[in-house]
Amino acid sequence: MFSTCKSGKLVSYSDGMFTRHSAAPTNPTHGEPQNDLIAFLSVVQQCNVDYLNITWQPALDDLGKGGSGTISQSTFASMPLAFKRFHDDDGSDTDFLPLISEVLILSQPAIQMHPNIVNLEGICWEINRKTEKAVPVLVFEKAAWDLQQFMNVSEGRNMSMDERLSLCAEIGSAITALHAYT
Numbered sequence: 005m006f007s008t009c010k011s012g013k014l015v016s017y018s019d020g021m022f023t024r025h026s027a028a029p030t031n032p033t034h035g036e037p038q039n040d041l042i043a044f045l046s047v048v049q050q051c052n053v054d055y056l057n058i059t060w061q062p063a064l065d066d067l068g069k070g071g072s073g074t075i076s077q078s079t080f081a082s083m084p085l086a087f088k089r090f091h092d093d094d095g096s097d098t099d100f101l102p103l104i105s106e107v108l109i110l111s112q113p114a115i116q117m118h119p120n121i122v123n124l125e126g127i128c129w130e131i132n133r134k135t136e137k138a139v140p141v142l143v144f145e146k147a148a149w150d151l152q153q154f155m156n157v158s159e160g161r162n163m164s165m166d167e168r169l170s171l172c173a174e175i176g177s178a179i180t181a182l183h184a185y186t
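Residue numbers (the numbering used here): 5 to 186.
See below:
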């Protein structure tokens, strides 16, 4: 599979998801790309993702927790932001494949232009408490509502069945667009 970042450069990754051409070192014995910090930074550079000098506000509640990370929140220059901090179960900080994959997918023009997918605004850094190493955090514009919140306000509760089905179709369209690159 071949794809381009918003920079127009060819990006691929050869682990079964993408084939990547970059300055990142490959495994000298197998010729396979490494999934380390240098590889991640190479992909970020190729995709023209911004580095942001910001962090989330720990006093605010987390927005959620999923299989790959925790979503935290903050407001910066009156813009609400969401921060995806990836889980590091073993404290190794060595497998950057989930970050690389997410940056590559979210940098696709079709994903960036999709009306139901929030854009990747950039990356910032946090210090891993276990290893005391800096690790990347993905930064997104925070959506005004999550689906549960929306369905609990009058606008959501008063939707007709056709409007609800349309909403489901829009969600399905976003999921299909994201999974087209996996």
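Where a beta carbon is used, it is the ideal one built from N, C-alpha and C, also for glycine. Just so we're clear, the structure is a prediction, and the values are computed from it rather than from any experiment.
Item: How long is the line joining the alpha carbons of aspartate 19 and glutamine 116, rounded to whole angstroms?; Value: Annotation note: pLDDT 46 at aspartate 19 (below 50); position unreliable, coordinate value reported separately. Rounded to the nearest angstrom, the two C-alpha atoms are 24 Å apart.
Item: Kindly identify the DSSP beta-bridge partner or partners of alanine 86.; Value: Gln77 and Phe144
Item: Below 7 Å CB to CB, which residues in the same chain sit around phenylalanine 100 once its five sequence neighbours on both sides are set aside?; Value: Asn39, Asp40, Leu41, Ala43 and Phe44
Item: Can you tell me where the beta strand (DSSP E) holding glutamate 125 begins and where it ends?; Value: 124-131
Item: Applying the 10 Å Cβ sphere with the 16-neighbour rule, what's the burial state of alanine 187?; Value: Residue 187 falls outside the range modelled here, since the chain spans only 5 to 186, and no answer is possible.
Item: At which residues does the alpha helix (DSSP H) containing phenylalanine 154 begin and terminate?; Value: 151-155
Item: Tell me which residue opens and which closes the alpha helix (DSSP H) that aspartate 66 is part of.; Value: Counting along the chain, aspartate 66 falls outside any alpha helix (DSSP H), and DSSP gives it neither H nor E.
Item: Within 10 angstroms of its Cβ, does lysine 69 collect 16 or more other Cβ (buried), or is it exposed?; Value: exposed
Item: Could you check which residue in Thr135, Lys146 and Asn132 has the C-alpha nearest to that of isoleucine 121?; Value: Lys146
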